[in-house]
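Trainee: The structure that follows is given in the form of structure tokens.
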Amino acid sequence: MFKKILIANRGEIAVRVLRACREMGIRTVGVFSEVDRNALHVRLADEAYPIGPAASRESYLRIDKLLDVATKAGCDALHPGYGFLAENPALPRACEDTGITFIGPPAEAMEAMGSKTAGKQLARRSDVPTVPGTDDPIEKPEEAQSLARTMGYPILLKAIAGGGGKGMRVVPNDAAFPAAWRDAASEAMNAFGDPRVFLEKYLIGPRHIEIQVFADAHGRVVSLGERECSIQRRHQKVIEEAPSPVVTPDLRRRMGEAAVRLTRAGGYVNAGTVEFLVDAELNFYFLEVNTRLQVEHPVTEQVTGLDLVKLQIAIAAGHRLPFAWESITPRGHAMEVRLYAEDPDNNFFPSPGHILSRHAPTGPGIRLDEGVYEGYTVPMEYDPLLSKLIAWGNSREETIARLRRALDEYTITGIRTNVSLFRRILGEPEFLRGEIHTKWLDELLTRPRPPAVAPREGTEEAAVIAAALWHIEQAGRSSLAHPESQVSSRWKLHGRHEQVDRTP
Amino acid sequence: MKFEVHLQSPVGGARTRVVELERTGSVYRVKIDGEAVAADAVQVSPNTVSVLLGGQAFEVHVTPSLNGTIKLQSGPHEFVAELRDPRAWEGRRHGAAELEGRQQIVAPMPGKVIRVLVRAGDSVEAGQGLVVVEAMKMQNEIRSPKTGKVERLQVREGQAVNAGELLCVVS
């Protein structure tokens, strides 16, 4: 087993990886940019080293600096977390050259499965259903349009180099095709420097359901079941759950087998996620492979009882997968919400800043994976993910009730968060019935907001009293903080209070 | 102490409540709009006040903002409040309440001090600018809450400050 691991990331995922290492008795080395000296992952790591300025391309994206720290600190392995360099094949290559084990898939498997078109070709070859469409870019718009006619509208145009919804256009009918083609190509050119576009059948109201797979270096591949991630805002997941409310044991088995076939065909090792779109008739279509640990991995951990980060480390160390099965049956239900420092009342504008106070929810069935603390200043340079709040219970209903209870307990002041968004979603009848799809949240947010619930009697009075009391105490603290009025000894201060405060 | 609290909330609209807190021993006696209420209020952490109103439990989180108002959050409910001390009404300038006693002026949010407008020992009017703090690309003039003298200046130009950090003291 490894002795010391470099965690090439920041924020909650760096903390998550660090915790797994600590439980395994492995020493941890953290890295930080100039604005991250106070970050939780730096405070918790056994060792931590600076790697440069705030801009991530000068720090967290610098392979040379990361490997320099890893070498000097004597690390024998590196965990990339998610984001940053996690899906860049140059990192595992550089690790190999330096003699450090990369905790993740080999560079070749990343390349064979990571890109959208390569993944799709692999899926076709391994008999995994894909969304009807073209694998290859089409040069001539006329040729593309006649193909669109034979496939039937609506059609989706996608950039070859795409991601994040850029260079993507839904074409509702034949008349709209030429304009949509021009827009998609020019947007793709602007965003990626590559105007090439391909066609796909556009599914109406699909669900996003993904399969967590694990492969060891000895040829064994297993599925750990599905996660439903249909609650997305502009292609970004905001709530994930396992199991999916619509996946039957038979569908789980078929999706799991398809994902395992694909993973095996790609020569993949370590943790990966095979994403599918699922239509109303429960047909599933391959979407893409994520060649890393996912943000939403905790929901799988809660329903399988497995620690996925520890499994990743064990597999990287050459261990065999310790399971007797090819796929598993989830136990209970788990759901995760992504709490961001952003203002839902102001178009989800990022709201970094100083956390004045914070109360974290605890109690039965609650897990909080986070990288923040009271007094911490959320930097404006990075993704404003604060915490992942995960609830689990015996049923979907119990899990949602726990999540709502935990959201009520969770308070954070000084910055704005998207907690109110989750309060709203978790009260929507369609969500409670599990009738969701990837556009559901975007549609919900265009509807007028339900009228604010009138606060319970006394809330306003309590608020007014709190404001006055806070003001008085604030003034009291100010005079105490001033040297002239400060009492030299805490005992003297206590004595004075005793004399003043007769009633304890 | 007696305060006029100007409240703004999505449900209740704008309104003014008068609250009086009088300390007796370790507890406060509370009056709202002149009427005594059975309230037990405790500051449980620097920004959190627990209020028992006739046994009904409330928790209120208090966040000061840049423009001098404070945000009050209780569960999903939010109020924006402005506190005024009626005793200081005559002396107030620029519509702001004037406070009594030595006042600590703190940075309302993290940022950078880009200008210091006064020197220690200067006499200042209520509402007069003391320090300009730049936060999230916006310049905010921090003003004196009272007429008095700048007793201490804790920051210099170019210095980065955290929310709550002392800028100066006006007495």
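First to last, the sequence lines map onto chains A and B. For the record, in the first sequence the residue sitting at position 244 is 244 according to this note's numbering, with numbers rising by one throughout. One gets this note's numbering by counting positions in the second sequence from 1 and adding 1000 to each. Backbone N, C-alpha and C define an ideal beta-carbon position, used for all residues, glycine too.
(1) Under 8 Å between beta-carbons, which chain A residues line up against B/N1162? List them in chain order, please.
(2) Would A/F431 and A/I103 be called neighbours here (beta carbons separated by less than 9 Å)?
(3) Which residue wins for smallest C-alpha separation from A/V131, given the options A/K166, A/K201, A/Y153?
(4) Please classify A/Y340 as buried or exposed, where buried requires at least 16 neighbouring CB atoms within 10 angstroms.
(5) Scan the segment 411-429 of chain A for residues whose Cβ lies nearer than 7 Å to a Cβ of chain B and list them as they occur along the chain.
(6) Out of A/E398, A/P361, A/V453, A/A265, point me to the one whose CA is closest to A/K388's CA.
(7) Between the segment 29-63 of chain A and chain B, which residues of the former have a C-beta closer than 7 Å to a C-beta of the latter?
(8) Check the Cβ-Cβ distances between A/S357 and every residue of chain B, and say whether any is below 9 Å.
(9) Going by the DSSP bridge assignment, what does B/T1016 pair with across the sheet?
(10) Start and end of the beta strand (DSSP E) containing B/A1135?
(11) Could you confirm whether any beta carbon from chain B is found closer than 9 Å to the beta carbon of A/I465?
(12) Taking only runs that begin and end inside the segment 378-451 of chain A, name each unbroken beta strand (DSSP E) of 3 or more residues, in chain order.
(13) Which residues in the same chain as A/I328 place their Cβ atom closer than 8 Å to its Cβ, once the five residues preceding and following it in sequence are excluded?
(14) According to DSSP, is B/C1168 helix, strand or coil?
(15) Taking only the alpha-carbon atoms, compute the straight-line gap between A/D183 and A/R169 and give it to the nearest angstrom.
(16) On the CB-based measure, 16 or more other CB atoms within 10 Å of its CB, does A/F422 come out buried or exposed?
(17) Spatial neighbours of A/E301 within its chain, please: CB distance less than 7 Å, with the 5 preceding and 5 following residues excluded, ordered by chain position.
(18) Would you give the residue range spanned by the alpha helix (DSSP H) that A/G114 belongs to?
(19) Taking 9 Å as the CB-CB cut-off, is A/E342 touching chain B?
(20) Are the Cβ atoms of A/L441 and A/I425 separated by less than 9 Å?
(21) With 9 Å as the C-beta to C-beta threshold (strictly closer), list the residues of the segment 431-458 of chain A near chain B in chain order.
(22) With a threshold of 9 Å between beta-carbons, can B/Q1086 be considered close to chain A, or not?
(23) To the nearest angstrom, how far is it from the Cα of A/H333 to the Cα of A/F284?
(24) Given this structure, state the Cα-to-Cα distance separating A/P154 from A/G133, to the nearest angstrom.
(25) Determine whether the beta carbon atoms of A/E288 and A/E275 lie at a separation below 9 Å.
(26) Give the interface partners of B/T1063 over in chain A, defined as CB-CB distance under 7 Å, in chain order.
(27) For A/T150, is the classification buried or exposed, using 16 other Cβ atoms within 10 angstroms of its Cβ as the cut-off for buried?
(28) Does the Cβ of A/A454 have 16 or more other Cβ atoms within 10 Å, making it buried, or fewer, making it exposed?
(29) Between B/I1070 and chain A, is any beta-carbon pair separated by less than 9 Å?
Mentor: On the basis of the supplied data:
(1) H354, T377
(2) no
(3) A/K201
(4) buried
(5) T411, T413, G414, S420, R423
(6) A/P361
(7) none
(8) yes
(9) B/H1006
(10) 1129-1135
(11) yes
(12) 385-393, 411-413
(13) V222, S223, L224, G225, T304
(14) strand
(15) 8 Å
(16) buried
(17) D307, L308
(18) 107-114
(19) no
(20) yes
(21) P451, A452, V453, A454, P455, R456, E457, G458
(22) Looking at the sequence provided, one finds Pro at residue 1086 of chain B rather than Gln. No, its Cβ sits nowhere closer than 9 Å to a Cβ of chain A.
(23) 22 Å
(24) 12 Å
(25) yes
(26) L356, T413, G414
(27) exposed
(28) exposed
(29) yes
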